[in-house]
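Asker: Sharing a structure here in structure tokens format.
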Amino acid sequence: MTDRATPNENENDDKRPVGKNFIRVIIEKDIAENKNNGRVHTRFPPEPNGYLHIGHAKSICLNFGLAKEYGGLYNLRFDDTNPSKEEEEYVESIKEDIRWLGFDWEDRLFYASDYYEQLYEYAIQLIKMGKAYVCDLNADQIREYRGTLKEPGKDSPYRNRSVEENLDLFERMHAGEFDEGTHVLRAKIDMSSPNLNMRDPVMYRILKATHHRTGDKWCIYPMYDFAHGQSDSIEKVTHSICTLEFEDHRPLYEWFIEQLGIFRPQQIEFARLNLNYTVMSKRKLLTLVQRKLVSGWDDPRMPTISGFRRRGYTPESIRDFAERIGVSKADSTVDIGLLEHCLREDLNKRAMRVMGVLDPLKVVIENYPEGKVEDIEAVNNPEDESMGNRMVPFSREIYIERDDFREDPPKKYFRLSPGTEVRLKHAYYIRCEKVIKDEKTGEIIELRCSYDPESRGGFTPDARKVKGTLHWVSIPHAVKAEVRLYDHLFIKEDPGQEEEGKTFIDYLNPHSLEVTEGFIEPNLASAKVGERFQFMRHGYFSVDPDSKPDALVFNRTVSLRDSWAKIEQKADA
RNA sequence: UGGGGCGUCGCCAAGCGGAAAGGCAUCGGUUUUUGGAGCCGACACUCGGAGGUUCGAAUCCUCCCGCCCCAGCCA
């Protein structure tokens with residue numbers, strides 16, 4: 000797309016080495032045994048009631064990745080069975096996020112609501128078989144009748160209605176004759192089952208809500224448990240991959256499939272992804288958005304796919320992450336550091352290097368001619384020669400990073416200090432001659448330095464060494480930009496684990512966003528939204544959509560590893 | 001005290017009776033015009049615990065311990 004940054008969002012054709020995991024083992028065995036004629040067909044079944052997060056990305060990469068890997072097909076199906084919580088905005092965002100991640104479902108976009116008619120027929124079939132009945136108990140009563148974890152439930156007084164009466168009542172539910180909450184259709188299974196899901200689960204409930212796709216056509220809606228399994232069956236999904244909490248529902252799905260005598264997909268459960276220093280539940284993310292604790296679903300601090308996208312993450316790095324974390328059935332919390340590693344590894348090879356000073360300290364090079372400007376040649380990416388070079392203006396007055404100077408340097412500090420010499424990246428060696436301070440505050444406001452004209456390009460004929468190399472920007476040429484520095488959204492590793500009297504909101508990191516004004520080299524004046532750069536010695540940054548032509552806004556996607564910061568921290572400790 | 005799962009290095013995760021892969025993190029060294037990147041090396045005598053079977057067990061058996069999920073007309 001561009002040679003200066005890297006938004007090279009291609010269709011996913013990753014050729015990374017893949018690891019064994021229990022799902023691949025199952026699929027390979029099925030193929031070897033020619034189960035389903037060797038067909039592999041998966042699906043990703045989101046409910047359009049929120050934005051997708053990195054945990055969904057794991058599921059997408061798994062479901063879609065596996066199908067691609069084994070030459071199969073994958074569907075995108077919205078499980079839209081609860082009109083009161085679902086919205087069109089969410090289906091659009093979900094489609095956009097999946098496309099961005101690099102997956103194309105082609106013509107296989109489905110909705111559980113596509114099957115409402117068929118599902119209704121299935122329900123009638125079960126009623127006729129004497130396997131389902133209309134129950135007049137209210138929600139509280141149903142709960143009471145269900146029993147508890149250790150006590151069996153008891154039969155509903157409506158459990159033995161005749162087929163004719165059930166048919167009539169269900170038809171009248173369908174026709175809108177009853178109010179919400181007055182009747183439900185239940186499966187007649189076993190009120191004493193140790194698996195609560197089998198204690199005559201609700202199949203249909205009355206909901207007089209407008210559905211985002213079917214409008215007001217229906218006033219009864221199937222429960223997820225009555226829709227999901229059959230939807231997979233209708234789509235001839237061979238491997239129905241879902242998360243652990245549905246393991247208990249599998250016997251129910253299989254019961255429906257068996258009663259109905261329809262195609263039986265194989266359900267396989269895996270552990271959902273948790274990341275430290277963030278939350279992953281849709282409910283909590285919604286709370287953050289609704290209470291305006293973040294700027295929106297795509298706030299760069301959110302663990303949503305749209306948040307990572309805006310932050311500057313690449314789809315490649317997220318796919319790589321999904322592969323590296325593996326899949327298993329053990330509850331786990333992955334270190335956010337791994338995600339950051341995947342991003343750095345990707346961007347290191349692709350991002351153009353530029354110089355930007357985020358906390359400026361003025362430097363005047365006293366022996367450099369006033370008014371003189373030189374164009375200094377700079378390498379765009381030492382990891383990729385094909386990215387070429389560019390010219391950066393150099394002059395008598397420059398900014399360096401305030402942290403790159405210490406009047407009283409600690410041991411092993413090899414940046415600038417009084418009397419020492421450092422290299423200005425790509426330019427010249429300079430030596431600090433004088434420190435100018437504010438008379439009142441004592442704050443250092445300017446450095447007077449000298450340069451060695453022989454050192455142009457950053458090395459000298461006598462080959463003398465300097466220990467430090469600093470980035471810089473010429474003051475008269477510098478472009479101002481807003482820079483947003485992000486940190487973890489939460490200060491606690493597991494914000495979901497709420498202590499007595501606290502909620503996850505109490506663990507928000509007050510410093511998760513720091514906005515500063517930086518000075519960047521003029522080459523960046525024309526940077527486009529979404530472009531990514533490495534600000535040398537700082538990290539990777541991308542241009543935020545809030546940018547205006549003369550008011551660029553950069554997001555720090557991730558900082559560079561900083562071994563000096565580590566050394567200093569240790570010294571402090 | 002019901003049912004369903006899970007416990008291998010700080011964090012993920014292979015392993016499926018022949019004797020602990022890999023990645024991240026960490027720590028050394030090397031290299032470097034990013035204290036970045038790269039390169040080299042170190043990093044579980046041990047697999048939640050205890051018994052048992054076996055020539056041999058993380059892998060099989062028994063018991064115990066710990067953690068997660070289920071009592072929505074949510075998904």
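Heads up: the first sequence begins at 0 in numbering that gives the first Met the number 0, then just goes up one per residue. We put the CB at the ideal spot given by N, CA and C, even for glycine.
Which first and last residues belong to the alpha helix (DSSP H) in which residue 62 is found?
Answerer: 53-68
Asker: Is residue 537 near residue 508, with beta carbons less than 8 Å apart?
Answerer: It is not a contact, given that the beta carbons lie outside the stated cut-off.
Asker: Sort 504, 82 and 528 by Cα distance to residue 216 and report the nearest one.
Answerer: 82
Asker: Would you identify the three-state DSSP class for residue 331, choosing helix, strand or coil?
Answerer: strand
Asker: Buried or exposed: which applies to residue 0, given that a residue is buried once 16 or more other Cβ atoms fall within 10 Å of its Cβ?
Answerer: In this prediction, residue 0 scores a pLDDT of 35, lower than 50, which makes its location untrustworthy; no coordinate-derived value is stated.
Asker: Would you kindly work out how many angstroms separate the C-alpha atoms of residue 248 and residue 224, rounded to a whole number?
Answerer: 8 Å
Asker: What residue range is occupied by the uninterrupted alpha helix (DSSP H) comprising residue 476?
Answerer: Neither: residue 476 is in no alpha helix (DSSP H) and is coded neither H nor E.
Asker: Quick check on residue 374: does DSSP put it in helix, strand or coil?
Answerer: strand
Asker: Provide the residue span of the beta strand (DSSP E) that contains residue 220, from first to last.
Answerer: 219-221
Asker: Among 320, 256, 72 and 484, whose alpha-carbon lies nearest the alpha-carbon of residue 272?
Answerer: 320
Asker: For residue 380, which of helix, strand or coil comes out of DSSP?
Answerer: Look at residue 380 here: in three-state DSSP terms it is coil, with no helix or strand label.
Asker: Which residue marks the beginning of the beta strand (DSSP E) containing residue 24, and which one marks its end?
Answerer: Boundaries for residue 24: no beta strand (DSSP E) harbours it, while the alpha helix (DSSP H) harbouring it runs 21-31, taken from the DSSP string.
Asker: For residue 213 and residue 116, I'd like the C-alpha separation in whole angstroms.
Answerer: Computed Cα separation, rounded: 11 Å.
Asker: For residue 131, does the three-state DSSP call read helix, strand or coil?
Answerer: strand
Asker: Cα separation between residue 54 and residue 431?
Answerer: 51 Å
Asker: Between which two residues does the alpha helix (DSSP H) containing residue 165 stretch?
Answerer: First-last of the alpha helix (DSSP H) with residue 165: 162-173.
Asker: How close, in whole Å, do the beta carbons of residue 318 and residue 557 come, if the pair is a contact with beta carbons under 8 Å?
Answerer: Between residue 557 and residue 318 the Cβ distance is about 17 Å, and since that is not below 8 Å, they are no contact.
Asker: Do residue 422 and residue 465 have their C-beta atoms within less than 8 Å of each other?
Answerer: yes
Asker: Going by DSSP, name the residue or residues bridged to residue 550.
Answerer: 547
Asker: Can residue 184 and residue 157 be called in contact, C-beta distance under 8 Å?
Answerer: no
Asker: State the DSSP-derived secondary structure class of residue 3, mapped to helix, strand or coil.
Answerer: Note that residue 3 has pLDDT 43, beneath the 50 cutoff, so the model's placement of it is unreliable and the number below is only indicative. Here residue 3 sits in coil by DSSP.
Asker: Find the nearest neighbour of residue 349 within the set 324, 360 and 311, judged by alpha-carbon distance.
Answerer: When the alpha-carbon of residue 349 is set against those of 324, 360 and 311, the nearest one is in 311.
Asker: I'd like to check one pair, residue 198 with residue 222: are the Cβ atoms closer than 8 Å?
Answerer: no
Asker: For residue 210, does the count of other Cβ atoms within 10 angstroms reach 16, so buried, or fall short, so exposed?
Answerer: Under the 10 Å beta carbon count, residue 210 is surrounded by 16 or more other beta carbons and is classified as buried.
Asker: According to DSSP, what are the bridge partners of residue 444?
Answerer: Residue 444 is not bridged to any residue.
Asker: Out of curiosity, what's the CA-to-CA distance linking residue 360 and residue 454?
Answerer: 22 Å
Asker: In this structure, what does DSSP give as the bridge partners for residue 507?
Answerer: 489
Asker: For residue 449 versus residue 366, is the C-beta distance shorter than 8 Å?
Answerer: yes
Asker: What are the residues that DSSP puts in a beta bridge with residue 239?
Answerer: 266
Asker: Span of the alpha helix (DSSP H) holding residue 541?
Answerer: No alpha helix (DSSP H) holds residue 541; the beta strand (DSSP E) holding it covers 538-542.
Asker: How do the stretch 169-186 and the stretch 126-144 stand: do at least 3 beta-carbon pairs fall below 8 Å, yes or no?
Answerer: yes
Asker: Mind pulling the alpha helix (DSSP H) runs of 4 or more residues that sit fully within the stretch 312-360?
Answerer: 314-324 and 335-349
Asker: Nearest-angstrom Cα distance between residue 255 and residue 145?
Answerer: Their Cα atoms are separated by approximately 20 Å.
Asker: Per DSSP, what kind of secondary structure is residue 556 in: helix, strand or coil?
Answerer: strand
Asker: Classify residue 147: buried if its beta carbon has 16 or more other beta carbons within 10 angstroms, exposed otherwise.
Answerer: exposed
Asker: At the level of alpha carbons, what is the spacing between residue 18 and residue 325?
Answerer: 7 Å
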